[in-house]
Amino acid sequence: MEVGARVDIGDPQPTSPSSTPSPTRLPNRARAGANAITPDIFSLMHYQRTGDRYIVRFESGEPVVEPLLEWLAANKIGYASLTGLGAVREAKVSYWNGETRQYEAHALDEQMEIVSFVGNATLKEGAPFLHIHVTLGRRDLSIIGGHFNGGVVHPNLELIVAQGKEAVARGLDEACGLWVMQLHERS
Amino acid sequence: MEVGARVDIGDPQPTSPSSTPSPTRLPNRARAGANAITPDIFSLMHYQRTGDRYIVRFESGEPVVEPLLEWLAANKIGYASLTGLGAVREAKVSYWNGETRQYEAHALDEQMEIVSFVGNATLKEGAPFLHIHVTLGRRDLSIIGGHFNGGVVHPNLELIVAQGKEAVARGLDEACGLWVMQLHERS
Amino acid sequence: MEVGARVDIGDPQPTSPSSTPSPTRLPNRARAGANAITPDIFSLMHYQRTGDRYIVRFESGEPVVEPLLEWLAANKIGYASLTGLGAVREAKVSYWNGETRQYEAHALDEQMEIVSFVGNATLKEGAPFLHIHVTLGRRDLSIIGGHFNGGVVHPNLELIVAQGKEAVARGLDEACGLWVMQLHERS
């Protein structure tokens, strides 16, 4: 482990609302699980709609995952692609181990650029579900990254959320143990 | 070479269909070239259209390039931007050497996150052509990447394919030896 | 600093037109500041509109930031998201230091893939403003990156510029010293 991070193995699919005890459509922040990243402030995401896209901004001290899940539910967004850039002062990032079929989560406690943020929002068992990967930039310009479990923004995070016309639900793929997008057509 | 990969120099522009012996619009998978990555299974990409975009998913064991080229041809997509995330268990990634004007291809044989997948689909001599760059995440969260020549998905790859209204053709730029997009306007 | 780059600390928000002495809407290239990257040629960006998006291509020897700012002004684009891939033969990339609240700029003088290019175009004091992050790929496939201050394309850079229906202005956030997007709604 080269990244100077604490490593805690496990925590599969932690961007799912079901990783909190109460996977309701509008989870109460107070019910966030013991492993949740603790924000400084209650989130008040800034956003603006343009066509089928939303421009979204998070402020310093805001977490990313929980407010975004709530906002997706409140805006009834059943599918969206996500792209963005910004910076965090801490983050949790995972690697999916093909042998154990488990995510290995790394808590990163340092100021880092979010150099790329690529993902999507779908529905898992009726509730918003996030799948996001990030590259994070360190002071020497080196880059680390992987599956994004969450983080605390500092000073800024800017996203484009491009909504689809229909919701996309995920179903459990027994072969890999992951929830995968259920799409209508096959080539 | 820090990445523990086998290195085989050469293989310029290998994401083009013309790198296989028969660059037809719907190449027969059985005719794939000797350097092609061998998939476990015949590809059955999952997809769904939403507006001018397609949501696309590849399953474990599927290659990326050949099925995507076939699907682009079958859906008569003459231009699209591509963005995505997922994971591969092997990949071929290249660096373009400005002195030799050749791609240097690296075969990477390990389970890696696709942390970013950014590219486009155009037409080269009438057939679909892919230009894709990837960052790949390793178990220690370190990132490697470059020009994507192909890979075998495991367990999942999710793309957004945003189709343009008109096809974009590529033409050979003699100065750099690459096929570049022919666009109508200049600033 | 592992990247073999010259380091010059400072240069906050250098992708802003105001980092040149004359932040007019259509800055004269001859007035570019002393720290500007010097292109080989006057820029003649290639582009083509498709729906609400522009496909844009830069040629070898072209800088990225100044021509893009001029083109945004000429096309009256008050908001757009930017995504792309390509390669540069030199670039300037920064890390935002949370303690000093300053960008630390690194001049990188080598041929590198632009593996991801994610950003947006907004307005700052009425003039186009760019916020872009890049991952850059080196010959050994290692990746460096961060906040993109500019670079010289070689041999090619391909962008998708997705225009919004309304302009988005930036305002100074006193707390972090950065200009942040002013969006109409809050969750």
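Chains as they are written, first to last, in the working numbering: chain A, 6 to 192; chain B, 6 to 192; chain C, 6 to 192. For every residue, glycine included, the Cβ atom is placed at its ideal position computed from N, Cα and C. A quick note: this is a predicted structure, and the numbers were derived from the prediction, not measured.
Practice task
Count the CB pairs spanning the segment 154-166 of chain B and the segment 80-88 of chain B that are closer than 8 Å, and state whether there are at least three.
Solution key: As far as the Cβ criterion goes, the segment 154-166 of chain B touches the segment 80-88 of chain B, which means the pair count is three or higher.
Handout entry: First through last residue of the alpha helix (DSSP H) which encompasses residue 71 of chain C
Key = Residues 70-79.
Problem - DSSP-derived helix/strand/coil call for residue 187 of chain A - result: coil
Practice task
Check each candidate in B:117, B:122, B:118, B:109 and name the one with the smallest Cα separation from residue 61 of chain B.
Solution key: B:122
Problem - Contact between the segment 123-130 of chain B and the segment 50-59 of chain B (3+ Cβ pairs under 8 Å) - result: no
Problem - Proximity test, Cβ basis, 8 Å: residue 101 of chain A and chain B - result: yes
Handout entry: Beta carbon of residue 135 of chain C nearer than 8 Å to that of residue 188 of chain C
Key = no
Exercise for the section: Please compile the residues from chain A whose C-beta is within a distance smaller than 8 Å of the C-beta of residue 155 of chain C. Expected result: In chain order: nothing, as chain A lies at least about 15 Å away.
Exercise for the section: Check whether the Cβ atoms of residue 150 of chain A and residue 148 of chain B lie closer than 8 Å to each other. Expected result: yes
Exercise for the section: Would you identify the three-state DSSP class for residue 67 of chain B, choosing helix, strand or coil? Expected result: coil
Handout entry: residue 93 of chain B, DSSP secondary structure in three states
Key = strand
Practice task
Would you kindly work out how many angstroms separate the C-alpha atoms of residue 2 of chain A and residue 105 of chain B, rounded to a whole number?
Solution key: Limits of chain A in this structure are 6 at one end and 192 at the other, which puts residue 2 of chain A out of reach.
Problem - Whole-angstrom C-beta distance between residue 108 of chain A and residue 152 of chain A, which should lie under 8 Å - result: 6 Å
Handout entry: Simplified DSSP assignment, three categories, for residue 87 of chain B
Key = strand
Handout entry: Interface positions of the segment 156-175 of chain C facing chain B (Cβ-Cβ less than 8 Å), listed along the chain
Key = Within the segment 156-175 of chain C, the residues whose Cβ lies closer than 8 Å to some Cβ of chain B are 159, 160, 161, 163, 165, listed in chain order.
Practice task
Check the Cβ-Cβ distances between residue 93 of chain B and every residue of chain A, and say whether any is below 8 Å.
Solution key: no
Problem - Test: residue 137 of chain A CB closer than 8 Å to a CB of chain C - result: no
Handout entry: Assigned secondary structure, residue 140 of chain C (DSSP; H/G/I helix, E/B strand, else coil)
Key = strand
Problem - 8 Å Cβ cutoff met for residue 142 of chain C and residue 117 of chain C - result: yes
Exercise for the section: Check the Cβ of residue 82 of chain A against every Cβ in chain B and list those closer than 9 Å, keeping chain order. Expected result: Going along chain B, no residue has its Cβ under 9 Å from residue 82 of chain A, so there is no contact; the nearest lies around 12 Å.
Problem - Inter-residue Cα distance where the pair is residue 49 of chain C and residue 59 of chain C - result: C-alpha separation (whole angstroms): 15 Å.
Exercise for the section: Indicate whether at least one CB of chain C lies closer than 8 Å to the CB of residue 118 of chain A. Expected result: yes
Practice task
Would you tell me roughly how many angstroms separate the C-alpha atoms of residue 114 of chain A and residue 69 of chain A, rounded to the nearest one?
Solution key: 15 Å
Handout entry: Where residue 49 of chain B falls: helix, strand or coil (DSSP)
Key = coil
Handout entry: Cβ of residue 191 of chain A within 8 Å of any chain C Cβ
Key = Residue 191 of chain A does not count as touching chain C.
Exercise for the section: Would you verify that the beta carbon of residue 87 of chain C is, or is not, closer than 8 Å to some beta carbon of chain B? Expected result: No, no contact with chain B.
Exercise for the section: Determine, using beta carbons only, whether residue 180 of chain A comes closer than 8 Å to chain B. Expected result: yes
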